[in-house]
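Here the structure is laid out as structure tokens; the discussion comes afterwards.
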Amino acid sequence: MNFSGQIRHLWITVLITAGILVLNQSCESVLFIELEEAERLIVVNGTISSDSTVRIQVSRTRHILDNAPVNPLEQAEARLFRNGILIGTLSHTARGYYVFEEHIPVIGDAYRIEVENAGYPTVTANCVIPGPVQIAALDTAVVKMDAGSGPYYWYGDMSLLQFDLTLQDPPGEVNYYLLNAMADRSSTRWRDTTVIIVDSIYYGGQWNYYPRDSTYAVGDVVRYTSQPHIYSSDIIVETLTNGGVLFSDRLIDGKSYSFRGTILSQSLESADSALVSFRLHSISESYYRYLKSRQEHYDSRDNYLAVPVIVYSNIESGTGFFGGYSTDEYTITTFIPEFYDYWYYEVY
């Protein structure tokens with residue numbers, strides 16, 4: 019290649035490089051977008067049932083970039099309606115909780131909550147408490163499972179309380195369920211029982227004094243309540259939430275169905291006997307949709323490729339949920355010692 023050809027080749031290389039740089043610069047742009055501050059709304063969360071008084075919590079929303087704490091609204095006015103008739107105003111207790119103790123909700127009646135607070139749109143929500151579905155039977159057995167299988171991860175074998183709960187789903191209507199358990203247990207709290215005793219011995223023509231101690235085991239048995247988690251891979255299970263199982267009668271409408279689940283035996287340990295109550299909650303559609311969407315939102319929180327899940331709300335002009343439920347309960351007595359025994363727990 020002669021000298022003029024080298025110069026021409028050099029210029030072509032320079033032009034191509036300059037063109038690439040220009041194209042790269044043209045692909046970048048900075049956009050400044052002014053985000054309007056979203057309207058702040060009232061948040062209402064609460065459930066009502068036929069065995070307790072009315073209690074809700076009232077707070078407010080905040081902007082997505084707002085790092086201020088979510089403060090409860092303590093000056094709101096909350097009114098309760100039954101079948102369209104005002105029955106009373108809820109009283110504020112603390113931290114945004116409002117209660118109405120003059121009325122126990124009735125199954126099948128239509129309830130509406132209405133909340134006002136200065137500077138916010140008034141919000142309303144409606145719900146009906148469904149009737150309870152009875153637990154027809156409950157069978158239990160203690161089984162052992164490889165801790166590396168299922169939802170349990172441990173070394174060795176795990177002892178599980180397996181149960182089969184039978185229910186009769188009412189035909190011709192849509193039913194929603196939440197099954198969980200509560201355990202009335204006890205634990206041993208040991209006392210410090212070290213007693214200092216001064217003793218003496220005659221030696222070398224004089225009395226010599228020295229302390230000695232005596233320790234013996236004394237413990238107090240203290241009762242408390244806990245919520246053991248229920249696990250299940252039953253075909254009707256839609257999600258695990260609130261330590262329990264959420265499902266509908268989509269696959270069991272009008273049928274008698276036996277549901278199988280397990281509870282970790284370790285979560286039922288007790289210094290003496292424990293009372294384990296299985297609670298089958300018949301819940302309103304709003305309560306069901308809220309729990310299901312909330313769990314889906316939680317499960318997808320770390321998956322950046324997941325489709326965003328919007329948590330269901332039935333609060334008009336605001337957000338949150340207002341639902342109803344009724345409960346049937348079946349209680350059994352268990353005897354699982356609080357201190358490990360090889361029969362309940364083994365390590366390889």
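Under the working numbering, read the sequence shown as residues 19 to 366, first letter to last.
Backbone N, C-alpha and C fix where the C-beta goes; we use that ideal spot for every residue, glycine too.
Since we're looking at a predicted model, the values are computed, not measured.
Can you tell me whether residue i is buried or exposed, with buried defined as 16 or more other CB within 10 angstroms of its CB?
i: Glu113; result: The sequence shown places Arg at residue 113, not Glu. It is exposed - the Cβ of Arg113 has fewer than 16 other Cβ atoms within 10 Å.
i: Ala94; result: buried
i: Ala324; result: exposed
i: Leu108; result: buried
i: His299; result: buried
i: Arg268; result: exposed
i: Ser218; result: exposed
What separation, rounded to the nearest whole angstrom, lies between the Cα atoms of residue i and residue j?
i: Glu92; j: Thr140; result: 15 Å
i: Asp238; j: Leu98; result: 46 Å
i: Pro355; j: Asp182; result: 23 Å
i: Ser331; j: Leu59; result: 13 Å
i: Val294; j: Asn89; result: 37 Å
i: Gly341; j: Tyr305; result: 5 Å
i: Glu314; j: Val327; result: 7 Å
i: Gly64; j: Gly190; result: 28 Å
i: Val124; j: Cys145; result: 12 Å
i: Ile350; j: Glu132; result: 41 Å
i: Val365; j: Ser276; result: Note that Val365 scores 35 on pLDDT, short of 50, meaning its location in the model is unreliable and no value can be drawn from it.
i: Asp175; j: Ser288; result: 20 Å
i: Gln186; j: Asp271; result: 9 Å
i: Arg78; j: His121; result: 27 Å
i: Arg209; j: Leu197; result: 38 Å
i: Lys273; j: Arg297; result: 19 Å
i: Leu286; j: Asn85; result: 40 Å
i: Ala155; j: Thr184; result: 5 Å
i: Ile281; j: Arg80; result: 39 Å
i: Gly106; j: Gly338; result: 22 Å
i: Asp290; j: Leu178; result: 18 Å
i: Ser266; j: Ile66; result: 20 Å
i: Ser244; j: Pro87; result: 29 Å
Terminal residues of the continuous alpha helix (DSSP H) containing residue i?
i: Gln313; result: Glu303 to Asp317
Between which two residues does the beta strand (DSSP E) harbouring residue i extend?
i: Phe339; result: Thr337 to Thr352
i: Asn198; result: Tyr194 to Trp208
i: Leu258; result: Thr257 to Thr259
i: Gly440; result: Within the shown structure, residues of the chain are numbered from 19 to 366, placing residue 440 beyond reach of any answer.
i: Leu264; result: Gly262 to Ser266
i: Gln245; result: Note, Gln245: premise wrong, no beta strand (DSSP E); not H, not E.
i: Thr184; result: Asp175 to Gln186
i: Ser77; result: Val72 to Arg78
i: Gly126; result: Here Gly126 belongs to no beta strand (DSSP E), and DSSP marks it neither H nor E.
i: Gly279; result: Ser274 to Leu282
Looking at C-alpha atoms only, which residue of the options is the closest neighbour of residue i?
i: Gly149; options: Arg203, Thr345, Arg78 and Phe353; result: Thr345
i: Ile103; options: Tyr138, Ile248 and Tyr129; result: Tyr129
i: Pro246; options: Leu269, Tyr138, Gln180 and Leu156; result: Gln180
i: Ser68; options: Tyr308, Gly338 and Ile301; result: Ile301
i: Val161; options: Tyr115, Gln284 and Tyr195; result: Gln284
i: Glu347; options: Met200, Leu282 and Arg241; result: Met200
i: Val117; options: Ala143, Asp127 and Thr71; result: Thr71
i: Ala292; options: Ile147, Asp202 and Gly137; result: Asp202
Would you mind listing the beta strand (DSSP E) stretches within the segment 94-124 that are 3+ residues and don't spill past its ends, in chain order?
-> 95-100, 103-107 and 115-118
Where in the segment 135-162 do unbroken runs of the beta strand (DSSP E), each at least 3 residues long, occur, reported from the N-terminal end onward?
-> 141-146
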